[in-house]
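Asks: Below is a structure I'd like to ask you about.
Residue numbers (our numbering): 3 to 148.
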């Protein structure tokens, strides 16, 4: 049986919410449908040589109506993880797939609460397939090298 990932800590590193159209937006609601663009990024750094890493999940949600920004919510949510001794390829998969998957429900909740506290309906982000995201990033990196 392999050793599990240990979650030592998790925390908000950075949180920003901007709503440049408020209060005018509430006086005259836009007639067009809003569009929300979400960007996701995962970064990891080793904290020591004992298998302890910090993994940061960065989420940026931008709500626009036509060409006007309704709100921008940016969150950097991180965790400190201890990983078992494994080959480098397996460690990378844990850091870029499993660890952010553990962080995501908490980050999603923070984004939903923040957008709601900003006066908007809560933004309920769809689940993220971090495995597919890793494969896409690796394919992009491989294409750059050729």
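Just so you know, even glycine gets a beta-carbon here, dropped at the ideal spot from N, CA and C.
Since the structure is predicted, the reported quantities are computational estimates derived from the model, not experimental observations.
Spell out a yes or no on whether the stretch 19–27 and the stretch 45–59 are touching, meaning 3 or more CB-CB pairs, one atom from each, closer than 8 Å.
Replies: no
Asks: For residue 110, which residues in the same chain have their Cβ closer than 7 Å to its Cβ, ignoring the five residues on either side in sequence?
Replies: 127
Asks: Kindly list the residues whose CB is nearer than 6 Å to the CB of residue 11, restricted to its own chain and excluding five residues on each side of it in sequence; keep chain order.
Replies: 82
Asks: Applying the criterion that 16 or more other CB atoms from any shown protein chain within 10 Å of the CB defines a buried residue, is residue 46 buried or exposed?
Replies: buried
Asks: Within 10 angstroms of the Cβ of residue 68, are there 16 or more other Cβ atoms? Answer buried if so, exposed if not.
Replies: With fewer than 16 other CB atoms across the displayed protein chains lying within 10 angstroms of its CB, residue 68 is exposed.
Asks: Exposed or buried, residue 142, counting other C-beta atoms within 10 Å across all chains shown (16 or more means buried)?
Replies: exposed
Asks: Should residue 8 and residue 96 be called a contact, given that it needs their Cβ atoms to be closer than 9 Å?
Replies: For residue 8 and residue 96, no; Cβs fall outside 9 Å.
Asks: When DSSP builds the beta bridges, which residues end up paired with residue 20?
Replies: 74
Asks: Which value, in whole angstroms, describes the spacing of the CA atoms of residue 134 and residue 79?
Replies: Separation of residue 134 and residue 79 (C-alpha to C-alpha, rounded to the nearest whole angstrom) is 20 Å.
Asks: Counting along the chain, where does the alpha helix (DSSP H) carrying residue 58 start and finish?
Replies: Looking at the DSSP string, residue 58 is not in any alpha helix (DSSP H); the run it does join, the beta strand (DSSP E), is 54–67.
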